[in-house]
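4 protein chains.
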Amino acid sequence: MKIGFIGLGNMGGAIAGHLVAAGHEVTVWNRSADKAAPLVERGARQAATPAEAAEGDIVFTMLANDQAVERVVFAEDGIVRAKTHVSKIHVSMSTISVALAERLTEAHAASGGTFVAAPVFGRPFAAQAGKLAVVAAGPNEALDACEPLFKTFAQHIFRVGDAPRLANVIKLCGNFMIMSAIESLAEAMTLADRSGVDKAALLNVLTSTLFAAPIFKTYGEIILHEEFEPAGFAAPLGLKDMNLVDAAAQSARVPMPFLGVVREHLLATLARHGDAVDWSAIAKIVSDNSGAGR
Amino acid sequence: MKIGFIGLGNMGGAIAGHLVAAGHEVTVWNRSADKAAPLVERGARQAATPAEAAEGDIVFTMLANDQAVERVVFAEDGIVRAKTHVSKIHVSMSTISVALAERLTEAHAASGGTFVAAPVFGRPFAAQAGKLAVVAAGPNEALDACEPLFKTFAQHIFRVGDAPRLANVIKLCGNFMIMSAIESLAEAMTLADRSGVDKAALLNVLTSTLFAAPIFKTYGEIILHEEFEPAGFAAPLGLKDMNLVDAAAQSARVPMPFLGVVREHLLATLARHGDAVDWSAIAKIVSDNSGAGR
Amino acid sequence: MKIGFIGLGNMGGAIAGHLVAAGHEVTVWNRSADKAAPLVERGARQAATPAEAAEGDIVFTMLANDQAVERVVFAEDGIVRAKTHVSKIHVSMSTISVALAERLTEAHAASGGTFVAAPVFGRPFAAQAGKLAVVAAGPNEALDACEPLFKTFAQHIFRVGDAPRLANVIKLCGNFMIMSAIESLAEAMTLADRSGVDKAALLNVLTSTLFAAPIFKTYGEIILHEEFEPAGFAAPLGLKDMNLVDAAAQSARVPMPFLGVVREHLLATLARHGDAVDWSAIAKIVSDNSGAGR
Amino acid sequence: MKIGFIGLGNMGGAIAGHLVAAGHEVTVWNRSADKAAPLVERGARQAATPAEAAEGDIVFTMLANDQAVERVVFAEDGIVRAKTHVSKIHVSMSTISVALAERLTEAHAASGGTFVAAPVFGRPFAAQAGKLAVVAAGPNEALDACEPLFKTFAQHIFRVGDAPRLANVIKLCGNFMIMSAIESLAEAMTLADRSGVDKAALLNVLTSTLFAAPIFKTYGEIILHEEFEPAGFAAPLGLKDMNLVDAAAQSARVPMPFLGVVREHLLATLARHGDAVDWSAIAKIVSDNSGAGR
Numbered sequence: 002m003k004i005g006f007i008g009l010g011n012m013g014g015a016i017a018g019h020l021v022a023a024g025h026e027v028t029v030w031n032r033s034a035d036k037a038a039p040l041v042e043r044g045a046r047q048a049a050t051p052a053e054a055a056e057g058d059i060v061f062t063m064l065a066n067d068q069a070v071e072r073v074v075f076a077e078d079g080i081v082r083a084k085t086h087v088s089k090i091h092v093s094m095s096t097i098s099v100a101l102a103e104r105l106t107e108a109h110a111a112s113g114g115t116f117v118a119a120p121v122f123g124r125p126f127a128a129q130a131g132k133l134a135v136v137a138a139g140p141n142e143a144l145d146a147c148e149p150l151f152k153t154f155a156q157h158i159f160r161v162g163d164a165p166r167l168a169n170v171i172k173l174c175g176n177f178m179i180m181s182a183i184e185s186l187a188e189a190m191t192l193a194d195r196s197g198v199d200k201a202a203l204l205n206v207l208t209s210t211l212f213a214a215p216i217f218k219t220y221g222e223i224i225l226h227e228e229f230e231p232a233g234f235a236a237p238l239g240l241k242d243m244n245l246v247d248a249a250a251q252s253a254r255v256p257m258p259f260l261g262v263v264r265e266h267l268l269a270t271l272a273r274h275g276d277a278v279d280w281s282a283i284a285k286i287v288s289d290n291s292g293a294g295r
Numbered sequence: 002m003k004i005g006f007i008g009l010g011n012m013g014g015a016i017a018g019h020l021v022a023a024g025h026e027v028t029v030w031n032r033s034a035d036k037a038a039p040l041v042e043r044g045a046r047q048a049a050t051p052a053e054a055a056e057g058d059i060v061f062t063m064l065a066n067d068q069a070v071e072r073v074v075f076a077e078d079g080i081v082r083a084k085t086h087v088s089k090i091h092v093s094m095s096t097i098s099v100a101l102a103e104r105l106t107e108a109h110a111a112s113g114g115t116f117v118a119a120p121v122f123g124r125p126f127a128a129q130a131g132k133l134a135v136v137a138a139g140p141n142e143a144l145d146a147c148e149p150l151f152k153t154f155a156q157h158i159f160r161v162g163d164a165p166r167l168a169n170v171i172k173l174c175g176n177f178m179i180m181s182a183i184e185s186l187a188e189a190m191t192l193a194d195r196s197g198v199d200k201a202a203l204l205n206v207l208t209s210t211l212f213a214a215p216i217f218k219t220y221g222e223i224i225l226h227e228e229f230e231p232a233g234f235a236a237p238l239g240l241k242d243m244n245l246v247d248a249a250a251q252s253a254r255v256p257m258p259f260l261g262v263v264r265e266h267l268l269a270t271l272a273r274h275g276d277a278v279d280w281s282a283i284a285k286i287v288s289d290n291s292g293a294g295r
Numbered sequence: 002m003k004i005g006f007i008g009l010g011n012m013g014g015a016i017a018g019h020l021v022a023a024g025h026e027v028t029v030w031n032r033s034a035d036k037a038a039p040l041v042e043r044g045a046r047q048a049a050t051p052a053e054a055a056e057g058d059i060v061f062t063m064l065a066n067d068q069a070v071e072r073v074v075f076a077e078d079g080i081v082r083a084k085t086h087v088s089k090i091h092v093s094m095s096t097i098s099v100a101l102a103e104r105l106t107e108a109h110a111a112s113g114g115t116f117v118a119a120p121v122f123g124r125p126f127a128a129q130a131g132k133l134a135v136v137a138a139g140p141n142e143a144l145d146a147c148e149p150l151f152k153t154f155a156q157h158i159f160r161v162g163d164a165p166r167l168a169n170v171i172k173l174c175g176n177f178m179i180m181s182a183i184e185s186l187a188e189a190m191t192l193a194d195r196s197g198v199d200k201a202a203l204l205n206v207l208t209s210t211l212f213a214a215p216i217f218k219t220y221g222e223i224i225l226h227e228e229f230e231p232a233g234f235a236a237p238l239g240l241k242d243m244n245l246v247d248a249a250a251q252s253a254r255v256p257m258p259f260l261g262v263v264r265e266h267l268l269a270t271l272a273r274h275g276d277a278v279d280w281s282a283i284a285k286i287v288s289d290n291s292g293a294g295r
Numbered sequence: 002m003k004i005g006f007i008g009l010g011n012m013g014g015a016i017a018g019h020l021v022a023a024g025h026e027v028t029v030w031n032r033s034a035d036k037a038a039p040l041v042e043r044g045a046r047q048a049a050t051p052a053e054a055a056e057g058d059i060v061f062t063m064l065a066n067d068q069a070v071e072r073v074v075f076a077e078d079g080i081v082r083a084k085t086h087v088s089k090i091h092v093s094m095s096t097i098s099v100a101l102a103e104r105l106t107e108a109h110a111a112s113g114g115t116f117v118a119a120p121v122f123g124r125p126f127a128a129q130a131g132k133l134a135v136v137a138a139g140p141n142e143a144l145d146a147c148e149p150l151f152k153t154f155a156q157h158i159f160r161v162g163d164a165p166r167l168a169n170v171i172k173l174c175g176n177f178m179i180m181s182a183i184e185s186l187a188e189a190m191t192l193a194d195r196s197g198v199d200k201a202a203l204l205n206v207l208t209s210t211l212f213a214a215p216i217f218k219t220y221g222e223i224i225l226h227e228e229f230e231p232a233g234f235a236a237p238l239g240l241k242d243m244n245l246v247d248a249a250a251q252s253a254r255v256p257m258p259f260l261g262v263v264r265e266h267l268l269a270t271l272a273r274h275g276d277a278v279d280w281s282a283i284a285k286i287v288s289d290n291s292g293a294g295r
């Protein structure tokens with residue numbers, strides 16, 4: 002299949018690699034063009050503009066934020082202006098706002114294309130291993146067309162409805178759940194530590210029983226060893242995502258006090274520990290506020 | 002072995018049953034004596050006082066709160082006044098305050114006995130199935146003596162240190178983690194619901210991937226179907242436990258904002274929905290505050 | 002002096018009236034033109050466009066939100082496009098974002114004009130009575146030019162610096178303080194009420210002593226009598242303002258947990274009690290959550 | 002009148018001084034007896050036990066906490082055991098729990114005496130100046146008997162009902178309001194400061210207009226100059242009081258999220274800045290979390 006791929010960061014580069022490896026004809030574009038080199042070596046073609054990357058059957062975007070998606074879609078040389086056949090599908094895998102998902106759905110419909118939201122769960126190493134989880138929403142035929150492509154890089158594929166925005170809501174809920182898991186672990190481990198309990202013992206009890214889930218193991222270890230750098234997912238990105246959750250919550254009029262706490266702790270993290278730390282460094286704020294290391 | 006067992010509620014009754022079934026000589030006591038009948042039928046002896054139940058090698062307590070434990074230990078006819086040989090071990094499985102654990106440790110030491118804290122994780126059906134998790138702390142020889150007994154009703158046994166209080170801290174941390182999991186699920190599921198997403202779809206995504214842990218499956222289903230009655234663990238007990246966490250946090254000087262949120266939501270649950278609901282009914286407060294069912 | 006006045010709502014209409022009454026040559030513009038009638042009757046001239054209203058020495062804007070200000074400033078027929086002499090001053094009295102204040106400062110500088118931020122404290126009846134408080138920031142000469150005009154409708158005039166944004170920050174801080182005063186009163190009065198204390202007695206003690214300030218008297222009475230409609234300042238406007246505070250807090254990286262609480266309570270107010278209530282109806286959420294009126 | 006006075010700290014000593022100065026026959030008692038010296042010099046008699054101090058018509062207590070009050074009332078040599086005539090009135094001016102107020106009401110009734118709760122607002126310098134505010138509750142005749150005495154040291158006297166506990170609820174509400182005022186000022190002033198605004202300018206605007214109340218002036222200055230030591234009211238006492246509010250809120254089932262925030266900030270204050278600072282040092286936590294002084 003002729004595929005376009007826009008956004009070749011840690012996540013996008015790995016995913017595009019799987020599509021190339023599966024034998025698809027992949028045309029790539031990235032704002033800083035040098036990121037394309039490894040893929041071109043492996044057989045991808047490099048486009049001069051987003052529009053050019055969008056000339057195939059399906060174009061993927063995997064970008065940092067709403068602004069980056071808006072740029073590659075709505076700019077003069079953007080996707081919706083690409084003169085292509087009407088079956089064109091745009092699959093957005095980025096974590097974007099629900100509002101932008103709605104705008105993209107309308108814009109594509111108006112230009113004869115189809116929008117699919119397919120955000121993913123998983124860190125870069127899961128992307129490389131082809132073990133992401135995809136949450137996809139859009140018209141059924143479009144999802145059918147995408148599914149074989151998703152399988153090249155995902156272990157789980159969830160189809161959650163016709164309206165693309167549904168997938169974005171679920172992705173935001175998931176990221177909120179992860180932040181909440183981190184904060185609750187941080188509070189429990191700090192209480193344990195300051196009460197004379199070995200944090201590793203607490204973590205072992207939790208993750209051997211009721212909390213035997215990947216997220217608690219992964220972040221429990223990070224908090225235990227205070228390995229907040231280098232960031233797997235940097236705190237400013239975490240705050241960006243929690244702000245998207247906040248916008249969705251305002252739109253749906255849902256008060257979310259746990260969200261309030263994690264947003265405050267992310268702000269404190271940036272203020273006290275800078276932008277380079279992982280989003281799980283909110284655990285340092287919990288610890289700081291208990292006087293640890295005073 | 003000659004064993005005493007005090008407190009024959011849903012949890013205690015099931016655990017004592019396993020000890021009887023394993024062939025131990027079990028003497029039981031309960032405030033309302035009729036609860037002892039089923040065990041007596043199966044071969045247990047019924048004591049007239051807590052002290053009498055404590056005449057064997059090891060006495061277990063499984064009671065509702067600090068007050069109940071204080072009563073069976075320190076009353077005229079209580080455990081520490083029992084005239085028994087000095088190797089006597091008292092194993093407290095109740096969720097009690099860290100402060101009471103410290104007081105019991107001292108009181109037993111002063112009277113020539115040994116205190117072991119061994120709170121458990123698991124709901125009544127896990128107790129019946131012999132699948133509890135025990136978190137035990139106390140002197141090593143005492144734990145060695147208890148371990149074969151724990152195995153009759155537990156799937157996991159964690160030994161977390163010499164000082165009994167350590168086990169109580171971990172139990173409290175665990176209950177706090179469960180409450181936090183419930184609140185975060187409630188916020189995410191309410192956001193999803195009010196945004197047009199099928200809550201079941203969100204829950205499926207979460208529990209198939211990052212949150213594939215028992216606690217999220219169990220409580221996710223309860224929240225999904227709003228089955229808050231009959232209570233598996235009633236809201237007033239939840240508040241009692243979160244107040245114990247709060248006391249431990251004050252003692253250790255650890256600010257815990259998630260704890261603040263769940264305490265407020267438990268209070269609102271009691272105020273709005275009464276005392277009979279499950280502690281997971283905090284999810285109704287989240288939902289109420291989003292205007293659901295208005 | 003030749004003055005323009007854009008935005009003739011409850012606040013703007015009253016302020017413009019004072020300027021007319023003081024003998025200035027006032028040209029007015031409002032999106033819905035009929036609002037201009039009472040002022041035209043008293044001698045004001047009605048402009049066809051914002052640009053036309055901006056042809057005098059100083060133009061005031063008093064509008065609902067950032068979008069409305071952006072429209073009258075940056076549209077084809079907007080203020081910054083008005084072909085006028087370079088001493089032109091734009092005085093913005095609206096509660097707008099700090100970011101927009103910065104953008105306006107730059108835009109006016111670029112077009113040879115001067116931007117002054119002069120948000121006001123006071124409800125509509127204070128505007129009519131000429132008893133507003135003005136917080137003004139901008140270049141000194143511009144403030145000197147404005148001061149006699151401010152005096153026609155204000156009791157207090159504070160000059161807080163050269164950079165217009167400073168006045169906007171102070172205005173946002175002030176509105177946050179008011180919301181916090183309302184929430185704290187609501188919590189205290191609900192606790193009193195549910196504890197059997199006469200709320201009026203509590204309010205009397207507070208406002209006769211430590212809290213003898215207008216804001217506590219005004220809102221205490223509203224909460225006491227639950228007079229949340231008609232709204233003096235509607236809850237959606239309150240939420241808009243708290244979102245502006247949130248944006249400023251994010252920009253300055255200041256975690257503000259009280260802000261988190263009032264934003265959540267405003268959302269719950271909209272979700273449960275609709276858009277027509279006063280922002281002080283957050284007190285109903287506090288009361289609802291205590292089971293009052295259950 | 003024959004008066005007893007128990008508790009001669011900064012507050013109690015000053016109040017007892019006014020009673021002596023007014024010509025009453027005052028018998029004093031304090032745990033550390035040397036505190037009585039200045040009053041004895043001025044004509045007071047020193048009692049050997051609380052019971053002895055309670056032999057007159059009315060006995061006042063002004064003590065640090067519930068435990069201290071329980072000791073002087075219920076100990077072998079305590080007030081309720083004093084063999085005295087049945088019209089005996091005990092006036093408690095301490096900030097105690099609502100539950101203890103209820104217990105004292107019952108205990109005095111059972112022993113033929115009368116309990117009056119009369120907590121005061123005001124710092125030590127207000128006590129010395131005779132400018133306290135008294136909030137009194139109890140049987141009318143008892144309040145009539147007390148009123149002339151209150152007038153020797155109070156500027157405001159509020160009678161709030163028959164049941165003594167009502168006065169304690171109001172006192173706790175008042176202290177909660179003060180803490181909330183401090184936190185809201187701290188958040189606003191930190192936002193201002195980190196946004197480039199002169200904090201003094203913000204404070205001036207606030208306290209010249211809507212917040213022209215003593216509490217905002219007093220604490221605004223303390224926060225402005227970061228003068229948290231020596232403590233006017235030490236942080237551990239603040240936490241004790243907020244815990245009493247929390248107990249009252251639990252009893253009345255009133256969720257109070259602002260209370261949650263200030264309790265967390267008081268804990269963080271103790272953990273990070275020690276026990277010697279004023280309760281207004283919660284402002285340092287707000288400031289710390291914004292990265293100030295990093």
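Residue numbers (my numbering), protein chains in the order written: chain A, 2 to 295; chain B, 2 to 295; chain C, 2 to 295; chain D, 2 to 295. Think of the CB as a built atom: it goes at the ideal place given N, C-alpha and C, for glycine as much as any other residue. Predicted model, so just to flag it, every value in this text is computed and none were measured.
- With a threshold of 9 Å between beta carbons, G162 (chain B) makes no contact with chain C.
- Counting other Cβ atoms within 10 Å of its Cβ, H226 (chain A) stays below 16 and is therefore classed as exposed.
- Cβ contact annotation for M243 (chain C) (same chain, cutoff 8 Å, sequence separation greater than five): N176, F177, M180, L260, V263, R264, L267, in chain order.
- Legend: CB atoms of the stretch 264-286 of chain A lying less than 7 Å from CB atoms of chain B are not found in any residue.
- With respect to the 9 Å criterion, E222 (chain D) and A277 (chain D) are not classified as neighbours on the basis of their beta carbons.
- By the Cβ test, the stretch 3-15 of chain C is in contact with the stretch 128-138 of chain C, since at least three Cβ pairs between them sit closer than 8 Å.
- Looking at the backbone, the Cα of A119 (chain C) and that of K152 (chain D) are separated by about 47 Å.
- Cβ-Cβ separation between A143 (chain A) and V117 (chain A): approximately 5 Å, consistent with a contact (criterion under 8 Å).
- Counted as a single uninterrupted DSSP element, the alpha helix (DSSP H) harbouring K200 (chain C) occupies residues 200-209.
- The Cβ atoms of M2 (chain A) and L192 (chain A) do not sit closer than 9 Å to each other.
- Shown here, R46 (chain C) sits in a strand according to DSSP, grouped into three states.
- Chain order gives the chain A residues near S291 (chain D) as A272, where near means a beta carbon separation below 7 Å.
- No Cβ-Cβ contact shorter than 9 Å links R166 (chain D) with A137 (chain D).
- The three-state secondary structure of L9 (chain A), taken from DSSP, is coil.
- Taking C-alpha positions only, L245 (chain A) is separated from Q68 (chain A) by approximately 13 Å.
- Nearest CB-CB separation between R104 (chain A) and chain C: not below the 9 Å threshold.
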